[in-house]
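Last residue of the sequence shown: 116 in my numbering, with the numbers rising by one and none dropped.
Where is the CB? At the ideal position from N, CA and C, for every residue including glycine.
Single-structure report; data block below.
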Amino acid sequence: MHRSLKIAGALTAVALLSIGCTQETQNSISRSIQNWTGTDGVLDVYAGEKLVKRFIKIDKLSTAYGTNDGKPRPYRYGYGYDDKNFNFKKDPGEKKVYFEFSDYSTNYIFYENDAK
Numbered sequence: 001m002h003r004s005l006k007i008a009g010a011l012t013a014v015a016l017l018s019i020g021c022t023q024e025t026q027n028s029i030s031r032s033i034q035n036w037t038g039t040d041g042v043l044d045v046y047a048g049e050k051l052v053k054r055f056i057k058i059d060k061l062s063t064a065y066g067t068n069d070g071k072p073r074p075y076r077y078g079y080g081y082d083d084k085n086f087n088f089k090k091d092p093g094e095k096k097v098y099f100e101f102s103d104y105s106t107n108y109i110f111y112e113n114d115a116k
């Protein structure tokens, strides 16, 4: 019972804080909660209409920021498994890799894997 009161209190605090926050701050809080609880993200990269690359088991994508000026850069990055055969599963030989992609020139879709 004591633990459920702590959880309820924490959720109430988050709800009250979000009322006074900007939309961007609310999104940031939501992403931090989602990252804490974990996700199973998929990143599909397209060349025109053709799927050319898929990364699976991504917990988050991050926006790059400049070291000196702190301004956002026009690319995102993350870590995931290179799904070479596009089957949504980590198969032998498919390794976890670092990847980057441009916000301007890359056609991509990032979504949660529901093909479990």
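Need the endpoints of the beta strand (DSSP E) that residue i sits in, please.
i    : result
S105 : Premise fails: S105 is in no beta strand (DSSP E) and is neither H nor E.
G41  : G41 to A47
F55  : K50 to I58
Since residue i contacts residue j with CB under 8 angstroms, what's their CB separation in whole angstroms?
i    : j   : result
T106 : V42 : The Cβ separation is near 15 angstroms, so there is no contact.
S62  : G78 : 6 angstroms
When you compare only the Cα positions, how much space is there between residue i and residue j?
i    : j    : result
E112 : Y75  : 20 angstroms
F110 : R54  : 10 angstroms
E49  : F101 : 17 angstroms
V97  : D82  : 7 angstroms
V52  : K89  : 16 angstroms
A47  : P92  : 26 angstroms
Assign residue i to one of three DSSP states: helix, strand, or coil.
i   : result
F88 : coil
K96 : strand
T67 : coil
D82 : strand
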